[in-house]
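A quick write-up on the structure given underneath.
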Amino acid sequence: MTIISLPGSSGYLDASNNRKVSYFSNPYVLGLTFVAGIGGLLFGYDTDCYLSFRVKDADLSRLVSCIEGIVLTLSKEFLIIKWGNLTWLNKCEMQNDVMLLETIVSMALVGAMIGAATGGWINDYFGRKKATLSADVVFLLGSVVMAAAPGPYILILGRLLVGLGVGVASVTAPVYIAEASPSEIRGGLVSTNVLMITGGQFLSYLVNLAFTEIPGTWRWMLGVAGVPAAIQFVLMLFLPESPRWLYMKKDKSEAAAVLAKIYDPYRLEEEIDQLATALEEERLRKQDVSYLDVFRKKEIRLAFFAGAGLQAFQQFTGINTVMYYSPTIVQMAGFKSNQLALLLSLIVALMNAMGTVVGIYLIDHFGRKKLALTSLSGVIVSLILLAVAFILESSTSGNVGAYGWIAVIGLALYITFFAPGMGPVPWTVNSEIYPESYRGMCGGMSATVNWISNLIVAQSFLSLAEAVGTGVTFLILAGIAVMAFVFVAVFVPETKGLSFEEMEKIWKEKAWGNGSGKEPLLESRS
């Protein structure tokens with residue numbers, strides 16, 4: 058995975074220095090990336106986790122699984138909950154428990170929204186390292202509380218704490234990795250965090266297959282999530298703060314020492330010069346940034362609009378919906394075994410992770426914008442196939458196997474196109490498009506948009522499918538994907554290989570035009 062850096066691709070003036078930078082060329086940077094990416098593993102494991110309860114005499118005595126990605130009949134005695142949407146598998150009279158069960162499941166998502174909203178401020182004020190450590194502590198505490206919970210209300214508290222940790226981690230990891238990465242491979246390194254997310258989802262499916270039929274194991278399944286958090290906490294103690302945050306906020310000499318481990322001497326001097334220029338510009342502004350400034354300043358508003366739009370469209374194009382329906386899709390093809398449906402979901406999760414590996418390679422070769430547009434093109438076709446399959450299946454009373462196979466093809470195509478593109482691109486772009494003083498704040502706000510969009514899709518999909526039909530619902534998602542394609546084409550610039558300073562100039566140029574004395578970077582980088 059070697060990228061040839063063209064002259065000036067990172068914002069440097071010397072055109073005589075052609076560099077080759079590869080994903081594996083600096084073990085130090087790779088180590089920083091994977092340690093920070095453990096936060097993504099926590100993100101993926103917890104948010105893809107569904108809670109299954111044995112319902113008996115109003116006693117929530119057996120929490121048998123920890124994977125929130127599938128709704129599947131495991132037995133006639135189970136009530137499966139998906140982000141607060143309940144599927145009754147037998148006629149049990151437990152109306153008083155519905156709100157409680159919904160709260161247990163959804164509280165982690167509420168915590169994640171709060172964590173993401175506050176995580177930006179924590180990152181900017183205390184630094185990326187302390188934000189990561191605090192997220193680990195909160196996540197670990199939440200895991201212990203869930204594992205030891207004597208009753209449902211303590212379990213709710215544990216879910217809230219875990220969600221808070223996930224929310225802060227979802228903001229911090231991409232920013233930390235981006236600020237410690239050479240611009241030529243920044244996309245691939247930030248996408249590694251997304252690989253950890255999809256890896257966490259795959260791990261959660263493995264846990265489900267291993268423990269779903271074993272009584273008395275739910276405490277272990279919830280508590281084991283704290284192990285990666287503890288490992289990351291210990292490793293993070295030996296890693297430095299983000300060099301950009303150090304230089305801008307705290308200690309220039311310490312920042313230079315960290316940068317020296319990332320760049321060769323020639324490149325190091327240029328990086329420090331650029332940081333010095335950026336710091337001087339910050340001092341000339343002579344004012345503290347605020348959340349209102351994101352909307353008052355045109356260049357910041359445009360950047361946030363692009364970043365938050367990408368995060369929203371990542372969810373509204375239906376990734377969680379397609380994953381949710383994967384067991385139903387395989388059963389449509391004629392495979393009625395629940396265990397086989399679970400196995401298929403495991404395969405889908407593996408495809409998602411492997412697709413992210415492809416994205417790590419393509420994002421710095423192909424570019425963020427082109428990759429997102431290609432991804433969305435395939436997503437549109439896939440959603441149309443799924444819609445056609447469900448519409449035809451609903452109108453046929455006989456054998457639906459042929460339509461089921463159309464749905465399976467649509468499912469495979471969807472994951473194939475979504476995973477390398479719309480999976481990593483929103484997180485990568487949001488880690489690099491904001492100026493230093495707004496990076497944590499805007500990153501936190503855009504991550505909050507992602508979590509809120511996740512909640513909206515999860516809470517509305519089943520109701521919409523019941524009202525208009527599953528096939529029509531997938532057509533609606535295809536229409537949203539078309540809107541996403543237009544949005545990316547119009548509002549998202551290509552950022553491949555650009556330095557942070559170059560990207561700041563891009564937004565000023567888009568806001569005020571070339572007459573503001575800025576180079577026509579949009580044209581030169583396209």
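Per my numbering, residue 58 is the first one in the sequence shown, and the count goes up by one each step.
Here a beta-carbon is modelled for each residue, glycine too, at the ideal position from N, C-alpha and C.
- In this structure, DSSP gives V78 an extended state, which the three-state scheme calls strand.
- K318 carries a coil assignment under DSSP once its states are collapsed to helix, strand and coil.
- The way I'd put it, the region 541-559 doesn't touch the region 459-470; fewer than three beta-carbon pairs between them come closer than 8 angstroms.
- Comparing C-alpha distances from L555 to each of S488, F196, P285 shows the shortest one belongs to S488.
- S248 sits in a helix when the DSSP states are folded into three classes.
- Around the beta carbon of V525, fewer than 16 other beta carbons sit within 10 angstroms, so the residue counts as exposed.
- Counted as a single uninterrupted DSSP element, the stretch harbouring T552 is not any alpha helix (DSSP H), since DSSP gives it neither H nor E.
- Separation of T334 and L294 (C-alpha to C-alpha, rounded to the nearest whole angstrom) is 30 angstroms.
- Setting aside the 5 residues that flank it on each side, K318 is surrounded in the same chain by Y85, each with a C-beta closer than 7 angstroms to its C-beta; the list follows chain order.
- When secondary structure is reduced to three states using DSSP, E298 falls in the coil class, being assigned neither helix nor strand.
- In the three-state reduction of the DSSP assignment, V346 falls in the coil class.
- Three or more Cβ pairs closer than 8 angstroms define a contact, and the region 204-224 falls short of that threshold against the region 288-306.
- Here D181 has G497, M498 as same chain residues with Cβ atoms under 7 angstroms from its own Cβ, once five neighbours each way along the sequence are excluded.
- Nearest C-alpha to K567 among K307, A360, W484: A360.
- Sixteen is the threshold: since fewer than 16 other Cβ atoms of the shown chains lie within 10 Å of the Cβ of P322, the residue is exposed.
- Rounded to whole angstroms, the separation of the alpha carbons of T255 and M411 is 9 angstroms.
- Selection P481, G478, M479, I441 evaluated against V465 yields I441 as nearest (Cα-Cα).
- The region 276-284 makes contact with the region 195-202, as at least three CB pairs between them are under 8 angstroms.
- Separation of the CB atoms of T378 and F518 is rounded to 5 angstroms, and the pair is thereby assigned contact status at 8 angstroms.
- If you compare the alpha carbons of I417, G168, L419, S520 with that of D103, the shortest gap goes to G168.
- For L98, the CB contacts under 8 angstroms within the same chain, skipping 5 residues up- and downstream, are M253, I254, G256, G257, L260, P285 in chain order.
- About 6 angstroms separates the Cβ atoms of G501 and A173, confirming a contact at the 8 angstroms cut-off.
- Three or more beta-carbon pairs drawn from the region 237-251 and the region 409-424 are found closer than 8 angstroms, and the two stretches are therefore classed as touching.
- In the three-state reduction of the DSSP assignment, D330 falls in the helix class.
- The continuous alpha helix (DSSP H) containing S451 extends over residues 425-451.
- Spatial neighbours of T527 in its own chain (CB-CB distance under 6 angstroms, excluding positions within 5 residues in sequence) are listed in chain order as F447.
- Only residues of its own chain outside the window of five on either side were considered, and among them Y304, M305 have a CB closer than 8 angstroms to the CB of L336, listed in chain order.
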